[in-house]
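Notes follow once the structure below has been shown.
Number of protein chains: 4
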Amino acid sequence: MKPAYSEKRLQLLDTAERLFSEKGFDGTSVRDIAEEAGINTAMISYYFGSKEKLMEAIFEERSLNVREKVDLLLKDDSLDPLQKMYRLLDEYVEKIMQRKKFHRILLCEQVINQNPIIIEMLAKIKSRNLSSINDVIRLGQKKGLFKKQVDVPMMMNTLIGTISHMLVNLDFYKAYHHLETLTDEEFEKTLKKKLSAHIKIIFKAILSHES
Amino acid sequence: MKPAYSEKRLQLLDTAERLFSEKGFDGTSVRDIAEEAGINTAMISYYFGSKEKLMEAIFEERSLNVREKVDLLLKDDSLDPLQKMYRLLDEYVEKIMQRKKFHRILLCEQVINQNPIIIEMLAKIKSRNLSSINDVIRLGQKKGLFKKQVDVPMMMNTLIGTISHMLVNLDFYKAYHHLETLTDEEFEKTLKKKLSAHIKIIFKAILSHES
Amino acid sequence: MKPAYSEKRLQLLDTAERLFSEKGFDGTSVRDIAEEAGINTAMISYYFGSKEKLMEAIFEERSLNVREKVDLLLKDDSLDPLQKMYRLLDEYVEKIMQRKKFHRILLCEQVINQNPIIIEMLAKIKSRNLSSINDVIRLGQKKGLFKKQVDVPMMMNTLIGTISHMLVNLDFYKAYHHLETLTDEEFEKTLKKKLSAHIKIIFKAILSHES
Amino acid sequence: MKPAYSEKRLQLLDTAERLFSEKGFDGTSVRDIAEEAGINTAMISYYFGSKEKLMEAIFEERSLNVREKVDLLLKDDSLDPLQKMYRLLDEYVEKIMQRKKFHRILLCEQVINQNPIIIEMLAKIKSRNLSSINDVIRLGQKKGLFKKQVDVPMMMNTLIGTISHMLVNLDFYKAYHHLETLTDEEFEKTLKKKLSAHIKIIFKAILSHES
DNA sequence: GATGAATGAGGGTTCATTCAT
DNA sequence: GATGAATGAACCCTCATTCAT
């Protein structure tokens, strides 16, 4: 359980992340992971201690933290509050799309809450990020640009829910808009642009006075 | 495998739905289900053929179909297109909140795509409901009240994503707004109202010209 | 884990007792037991719950209890205290020789104390039997035939130690006395006679005044 | 596998002896031993070749050999045969109590006969010591002080059986006689005295004519 | 029609050992 | 000479399912 950043450890993390995102935690066996990673089964216990702790390691290494981004935005005097919020939304879209597999796992694990350590980690992440966003919103409210009454967790539901749900509907969405001819990169770029624009409209409506 | 609507069968369906929603399909054993339902383990194979077919039965009996609702709305001349859309959104909120457990299962199963029969069922439901909603939107567009260019699947992502994500954040949301003192019914009623209002703002912004 | 006295259960108990006595608890795998019993591996969990509980079941079914024998002896007016004690010694020799395999297990398990349930069972059995024997000894002391100061646990050590140690030296003993030509039954009969006579000499010396 | 008497080797031997005596050979893993000895796991194979050979090394270093003691006794003209025998019994008590852990291992290993090399070693030790004791007994017989017919292996069973069995009942014995207040050394001294006296009574009865 | 007994496959984990350094 | 990394085998147990009744 010792070596922290060996190549095999990273390989196991990547393979596990992929398989968990495809078949779920309980639907993936350690033998599956080890075989696909081309590594001996016993190495999972060796590196991580157990299958559960492997999952925890994935969470530790992949979880999204927007605190730094928010701090940068708050300091940036060249942006008005709505623009700051837009940048933050882009950050969410970007980061979640960058870590599709992990966020698919996250989606399921929030439902199938079993591992108390992961429950704890999720709670912390959620609170932390919510609080960061609150800082941006309060700024807009102070400047009189945002509505006084904003249900921030509800707003976050829409933000995360929209992006996450897109993750499980990627193929459907691609087919609907006949985007199969695009390369993966092109599609991804297009999708991020669409998501970003879509969410900005939503947030502007939610945050602004005029409704 | 014969009896179609015996009491035991319904009991198994309910128990399985609950356990699948709490622990996932792979995390739930047929023993768990049978024990909690107070029924012999062999009965699951007996009534449904297999654990997988039990899952399929749950999907068959719980899937949301909005076609009828849409047909009624389209015929109702007393409502303008936006009102029709609002009614439809309320229908979604109402139905998903009514079937929380099933929609938690649905959330995971869309990620953990394993059973081809369920994949097929999901695809059909999605297309069917999308097409129904499209009918309402086209009506609004014809009357010049809705924007010409609406990304309907993206809009649906936000609708379903927002409601679904609320399902996995219920406790967090309740705690954040200090609603623990409410009874379950009161909280549910409050939540549906908030969800409904929130989503209407979003849809109005998305469908209207003014952005 | 339900059926209490099925044939397969008994077969598993017998096979496990034999293998545990030959290779020890940790040296015997559930596969070994199941294979030799001609029964599926899963049946051990099915009948007993676990390998440990199988061991506990063996202890429950095979443990020696001399209370009844002692009660009969105490009531029997035709025997003097030393004769009563002799009968009790014969009972020990007889019962332990009858259950050689179990007592070999017992021998090891007293050393390798791991399972708390078995530790508890052993403590109870030891106390119970010690107390029963004490009753016989007190009778002899009351009648002035036995020494006042007898270290009963020490005496029991010699009784159990002598018989138990013979169990692990059977082959050596047989070879030393050139008894290989005897049938198993003949050898066993001879051995029990020798053990019995030997132990009686010892106990007479320990209990009588004249030392 | 080279260094014969390095410090680490001795540390491994001691730790292994302790763990084998507490949890048995099969119940102790090489990891356990290495960890508790503060030494790398691979060292066990390195120093001893294998776990089995580590056990053999323990037997080689700890086995009791009374030949020398017997030779000294035979030469000592100041002692009569019974006194010589008493001295020999004290030697047994002393040596076995000195090496409690090893003799607990021995107790189990005689039952769980798996390693042929150890079986062989045990047979040799047993024969050697038996033959040594025989020398003392024959002397007593020649002088007409001991019975002609003595079942020496049976007598050894009682000797070894009594001491060994005390090893597994130490705590019980201490509690029974309320000796918990004694220090370890005091208790050990007391116990050896009691054992010694007890066994001498027994041997006198077995060896003398008067029964 | 309904069920307890039984099964073979596979689950996660730990084992003693060996290899490359 | 000494060690951390890695291995394949085996561990006990639980799985979904089927069979005999």
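Protein chains in written order, with this note's numbering: chain E, 2 to 212; chain Y, 2 to 212; chain W, 2 to 212; chain S, 2 to 212.
Note that CB positions come from ideal geometry on N, CA and C, so glycine has one too.
Cutoff 6 Å; reference residue i; Cβ partners in own chain excluding five residues on either side
| i | result |
| --- | --- |
| Leu140 of chain S | Pro82 |
| Met2 of chain S | Confidence in Met2 of chain S is poor, its pLDDT being 44 and thus under 50, which makes the residue's placement unreliable; the coordinate value appears in the next sentence. If we look at Met2 of chain S and ignore the five residues flanking it on each side, its Cβ neighbours are Gly50. |
| Pro117 of chain Y | none |
| Leu192 of chain W | none |
| Ile106 of chain Y | Phe21, Ser22 |
| Ile126 of chain Y | Ser64 |
| Asn130 of chain S | Val67 |
| Ser133 of chain W | Val67, Arg68, Val71 |
Anticipated Cβ contact below 8 Å, residue i with residue j, distance rounded
| i | j | result |
| --- | --- | --- |
| Leu74 of chain W | Arg88 of chain W | 6 Å |
| Leu65 of chain S | Ala38 of chain S | With 8 Å as the limit, Leu65 of chain S and Ala38 of chain S do not qualify as a contact, their Cβ atoms being about 25 Å apart. |
| Ala58 of chain E | Met44 of chain E | That pair is no contact at about 13 Å. |
| Pro154 of chain S | Tyr47 of chain W | At roughly 45 Å, the Cβ-Cβ gap does not stay under 8 Å, so Pro154 of chain S and Tyr47 of chain W are not in contact. |
Closest residue to residue i among the options (Cα-Cα distance)
| i | options | result |
| --- | --- | --- |
| Leu108 of chain W | S:His104, S:Leu183, S:Glu121, S:His166 | S:His166 |
| Lys96 of chain W | W:Val137, W:Thr184, W:Ile161 | W:Ile161 |
| Ser209 of chain W | W:Gly145, W:Val94, W:Lys195 | W:Gly145 |
| Lys194 of chain W | W:Ile164, W:Asp78, W:Thr29, W:Lys143 | W:Ile164 |
| Thr29 of chain S | W:Arg100, W:Ile113, W:Leu196 | W:Ile113 |
| Met157 of chain E | Y:Phe173, Y:Leu80, Y:Met157, Y:Met156 | Y:Phe173 |
| Ala1 of chain Y | E:Leu123, E:Val169, E:Gln84, E:Leu80 | Because chain Y here runs from 2 to 212, residue 1 of chain Y falls outside it and cannot be looked at. |
| Met122 of chain W | W:Lys54, W:Tyr6, W:Glu8 | W:Lys54 |
Contact check, residue i vs residue j, beta carbons under 9 Å
| i | j | result |
| --- | --- | --- |
| Ser22 of chain W | Lys148 of chain W | no |
| Lys24 of chain E | Gln115 of chain Y | yes |
| Ala198 of chain E | Lys205 of chain Y | no |
| Asp27 of chain Y | Phe26 of chain E | yes |
| Ile203 of chain Y | Thr16 of chain E | no |
| Met86 of chain Y | Ile40 of chain Y | no |
| Val94 of chain S | Leu196 of chain S | yes |
Residues near residue i in its chain [Cβ-Cβ closer than 7 Å; skip 5 each side]
| i | result |
| --- | --- |
| Glu189 of chain Y | Met98 |
| Lys70 of chain S | Leu89, Glu92 |
| Lys175 of chain S | Glu181, Phe188 |
| Ser128 of chain Y | none |
| Val31 of chain Y | Thr42, Ile45, Lys52 |
| Leu11 of chain E | none |
| Ile119 of chain S | Met56, Glu57, Phe60, Glu110 |
| Gln142 of chain S | Lys149 |
| Arg100 of chain W | Arg63 |
| Asp78 of chain S | none |
| Lys33 of chain Y | The sequence given here places Asp at residue 33 of chain Y; Lys does not occur at that position. Leu20. |
| Leu183 of chain Y | Thr191 |
| Gln84 of chain E | none |
Spatial neighbours of residue i in its chain, beta-carbon cut-off 8 Å, leaving aside the 5 residues before and after
| i | result |
| --- | --- |
| Asn135 of chain Y | Val153 |
| Lys201 of chain E | Tyr87, Leu90 |
| Glu18 of chain E | Ile59, Arg63, Lys102, Phe103, Ile106 |
| Leu80 of chain E | Leu74, Arg88 |
| Val151 of chain W | Ile138, Gln142, Ile207, Leu208 |
| Lys9 of chain Y | Ala38, Ile40, Met44, Tyr48 |
Using a Cβ-Cβ cut-off of less than 7 Å, list which residues of the region 107–124 of chain W approach chain S; keep chain order. Leu108, Cys109, Gln111, Val112, Ile113, Gln115
Anything in the region 154–185 of chain S with a Cβ closer than 7 Å to a Cβ of chain W? List those residues in chain order, please. Pro154, Met155, Asn158, Thr159, Ile161, Gly162, Thr163, Ser165, His166, Met167, Val169, Asn170, Phe173, Tyr174, Tyr177
Give me the subset of the region 15–40 of chain Y whose CB atoms are less than 9 Å from a CB atom of chain E, sorted by chain position. Ser22, Glu23, Lys24, Gly25, Phe26, Asp27, Gly28, Thr29
Give me the subset of the region 66–100 of chain S whose CB atoms are less than 7 Å from a CB atom of chain W, sorted by chain position. Going along the region 66–100 of chain S in chain order, one finds no residue with a Cβ nearer than 7 Å to chain W.
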